[in-house]
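A.B. asks: The following block contains the structure, expressed as structure tokens.
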Amino acid sequence: MPTVALRFSPLAEHVRTARLVAVAVARRAGFEETQLDEIRIAIGEACARAVLRTRGDALVTMDLTDDDDRLDVVVRDAAAVGGVPHADDEDPLALALMAGMAEDVSVDDSDSSAGAVRMSWSRQQPSASIGDSEPAGP
1 MPTVALRFSP LAEHVRTARL VAVAVARRAG FEETQLDEIR IAIGEACARA
51 VLRTRGDALV TMDLTDDDDR LDVVVRDAAA VGGVPHADDE DPLALALMAG
101 MAEDVSVDDS DSSAGAVRMS WSRQQPSASI GDSEPAGP
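Using the UniProt record's numbering, you'd call the opening residue of the sequence shown number 1 and step up by one each time.
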């Protein structure tokens, strides 16, 4: 069961809200600030892709699950038959950004009426500050 499930109209202005929700979930789960930036960028690209593909009154959905030091995100669109851009027509930069920002990315457009982008990140251990180290022996 997702930690957070968000459904929104396929409007560009809702992509920002989706990014904010995803970062809030990741921050609450203990992700580092550098990872939050990567999550924000990847979620923005996945949601923008879903907004472009979704037609009519259908909604974009985003499920976020934080389990076992891992954040899993699934962004689903509801593309209309015939309204789905071919993979060759998609923005290669957006796909490259998602692949570069997330540890694992998969794009599933096998269903003619929907598509999904799945991404995941493992939580990094906090890096030690200079003053946090134990002093060397006597």
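Idealized CB from N, CA, C, for every residue including glycine. No experiment lies behind these values; they were computed from the predicted model shown.
Can you tell me whether Arg37 is helix, strand or coil according to DSSP?
C.D. replies: The residue asked about is misnamed: residue 37 is Asp in this sequence, not Arg. Asp37: helix per DSSP, three-state reduction.
A.B. asks: Helix, strand or coil for Ala102? Go by DSSP, reduced to three states.
C.D. replies: Reduced to three states, the DSSP call for Ala102 is coil.
A.B. asks: Sorted by chain position, which residues of the same chain lie with C-beta nearer than 7 angstroms to Glu103's C-beta, five sequence neighbours on each side aside?
C.D. replies: Result list for Glu103: Ser120, Trp121, Ser122, in chain order.
A.B. asks: Looking at the structure shown, is Gly44 part of a helix, part of a strand, or coil, going by DSSP?
C.D. replies: Gly44 falls in the helix class under three-state DSSP.
A.B. asks: Answer with buried or exposed for Pro92, where buried requires no fewer than 16 other C-beta atoms within 10 angstroms of its C-beta.
C.D. replies: Burial call: exposed.
A.B. asks: Report the rounded CA-to-CA distance for Val107 versus Asp57, giving the unit in angstroms.
C.D. replies: Straight-line Cα distance between these residues: approximately 23 angstroms.
A.B. asks: What residue range does the alpha helix (DSSP H) around Pro16 cover?
C.D. replies: Checking the displayed sequence, the identity of residue 16 turns out to be Arg instead of Pro. That run of the alpha helix (DSSP H) goes 13–28.
A.B. asks: Let's test the definition: count the other Cβ atoms within 10 Å of the Cβ of Arg19 and tell me whether it reaches 16, buried, or not, exposed.
C.D. replies: Flag for Arg19 reads buried.
A.B. asks: Taking the alpha-carbon positions, what's the Ala5 to Arg76 distance?
C.D. replies: About 11 angstroms.
A.B. asks: Between which two residues does the beta strand (DSSP E) containing Ala116 stretch?
C.D. replies: Note, Ala116: beta strand (DSSP E), 115–122.
A.B. asks: Residues in its own chain within less than 8 angstroms of Ala94 by CB, not counting five upstream and five downstream?
C.D. replies: Correct list, in chain order: Glu45, Ala48, Arg49.
A.B. asks: Arg53 by DSSP, collapsed to three states: which one?
C.D. replies: Note: Arg53 maps to helix in three-state DSSP.
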